[in-house]
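Colleague: This is the structure I want to talk about, given as structure tokens.
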Amino acid sequence: TYCWVNDELHMLRDENGEPTEVVGSWSDITARRKMGDAMVAAQNRLNHLLTSAPAVIYSFEATGDYAPTFVSDNVAALLGYEPKEYLESPDFWWRHVHADDLPRVKEKLNQLFKEGQINHEYRFLRKDGSYCWINDEMHLVRSQDGRPIEVVASMNDISSRKKAEEDLARLHDLEIAYLAEIEKEKQHADELLHAIFPHLIVQELKSTNVVKPRRYDNIAVIFTDIVGFTSYCDSHAPEEVVPSLQTL
6 TYCWVNDELH MLRDENGEPT EVVGSWSDIT ARRKMGDAMV AAQNRLNHLL
56 TSAPAVIYSF EATGDYAPTF VSDNVAALLG YEPKEYLESP DFWWRHVHAD
106 DLPRVKEKLN QLFKEGQINH EYRFLRKDGS YCWINDEMHL VRSQDGRPIE
156 VVASMNDISS RKKAEEDLAR LHDLEIAYLA EIEKEKQHAD ELLHAIFPHL
206 IVQELKSTNV VKPRRYDNIA VIFTDIVGFT SYCDSHAPEE VVPSLQTL
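According to the working numbering, the residues represented by the sequence shown are 6 to 253, in order.
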């Protein structure tokens, strides 16, 4: 079998400086090598999991300028930025939060330092110039003496969900508008009914959709044909037609 050896060599020289002998020492480092290989494999697996995960994992300092300390490689797929672009500037994250959402985000961060964790939503600027909706879950990490030292967080793209919510809200608004229009037309119809029929007849018509036949005495009904009335209506406004009929 093979084992891993760490070999440390020293050259011995005579009084003239000529090499005379090599003295070395071996130590078996097989266990250490195995541990190192296992750590490398674990690190590679962790990187693979982080890259394949739907959420971007990132962290930043909890004091000072809140500079970013880590971001997973899949930030490129989510936002279009390379990890080094994200990490190079302490205010990168702040500069890319939508201006309208920034006051609310700052308020949420104050809550983070009080409660230890938050979950909030905001718009973030992609590299292509468009904004996406982000769900961001943040956890505050403290030292043993309780001092805040780092924030670990995960970002998810919820743009599709937000669009669905906006579409649903827009449909709800349209529904309310349609119902209001229907109610308006219903009131208009009621006004017309009350203008044409007696109150008791209107109530009966609205409650049963029919009106029972009634006999009335001393009623005269006249049917007339007004020559040219159709063309007269086409060429005159209703405000002129109705008074003309009343005059007749």
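We put the CB at the ideal spot given by N, CA and C, even for glycine.
#1: Are three or more beta carbon pairs between the region 169-179 and the region 79-92 nearer than 8 angstroms?
#2: Touching or not, the region 181-199 and the region 89-105, by the rule of three or more beta carbon pairs under 8 angstroms?
#3: In the DSSP assignment, the beta strand (DSSP E) including C137 goes from what residue to what residue?
#4: Report back the beta-carbon spacing between G121 and H103 to the nearest angstrom; my notes put them in contact at under 8 angstroms.
#5: Do you know whose CA, among L84, H125, R219, Q192, lies nearest S135's CA?
#6: If you compare alpha carbons, which of R166, V156, S240 is closest to F65?
#7: Is the region 123-142 in contact with the region 176-187, if contact means three or more CB pairs nearer than 8 angstroms?
#8: Would you mind sorting I187 into buried or exposed? The rule is 16 or more other CB atoms within 10 Å of its CB.
#9: Where do the ends of the alpha helix (DSSP H) carrying F129 lie?
#10: I need the straight-line Cα distance from V232 to L184, nearest angstrom please.
#11: How would you call F234, buried or exposed, if buried means at least 16 neighbouring beta carbons within 10 angstroms?
#12: Note down the Cα distance separating R38 from S32, rounded to an integer number of angstroms.
#13: Could you give the DSSP three-state label for Y63: helix, strand or coil?
#14: Below 8 angstroms between beta carbons: does that hold for V216 and I206?
#15: If you run the structure through DSSP and keep just helix, strand and coil, what is G29?
#16: Less than 6 angstroms between C-beta atoms, sequence neighbours within five positions excluded: which residues of the same chain meet that for L114?
#17: Between T25 and L14, what straight-line distance do the alpha-carbon atoms span, to the nearest angstrom?
#18: Are the CB atoms of V61 and S159 within a distance shorter than 8 angstroms?
#19: Taking Cβ positions, are C238 and V246 nearer each other than 8 angstroms?
#20: What residue ranges within the region 160-223 form continuous alpha helix (DSSP H) runs of no fewer than 4 residues, ordered along the chain?
#21: Within the 8 angstroms Cβ cut-off, does N115 reach chain D?
#22: Going by DSSP in three states, P73 sits in which element: helix, strand or coil?
Modeller: On the basis of the supplied data:
#1: no
#2: no
#3: 136-147
#4: Going by Cβ atoms, the distance from G121 to H103 rounds to 26 angstroms, so no, they are not a contact pair.
#5: L84
#6: V156
#7: Output reads no: the region 176-187 does not touch the region 123-142.
#8: Burial call: exposed.
#9: Not the alpha helix (DSSP H): F129 falls in the beta strand (DSSP E), residues 122-130.
#10: 43 angstroms
#11: exposed
#12: 12 angstroms
#13: strand
#14: Contact: yes.
#15: strand
#16: none
#17: 13 angstroms
#18: yes
#19: yes
#20: Residue ranges of uninterrupted alpha helix (DSSP H) with 4 or more members, entirely inside the region 160-223 and ordered along the chain, are 164-201, 204-213.
#21: Within the model displayed, chain D is absent; a lone protein chain is all it includes.
#22: strand
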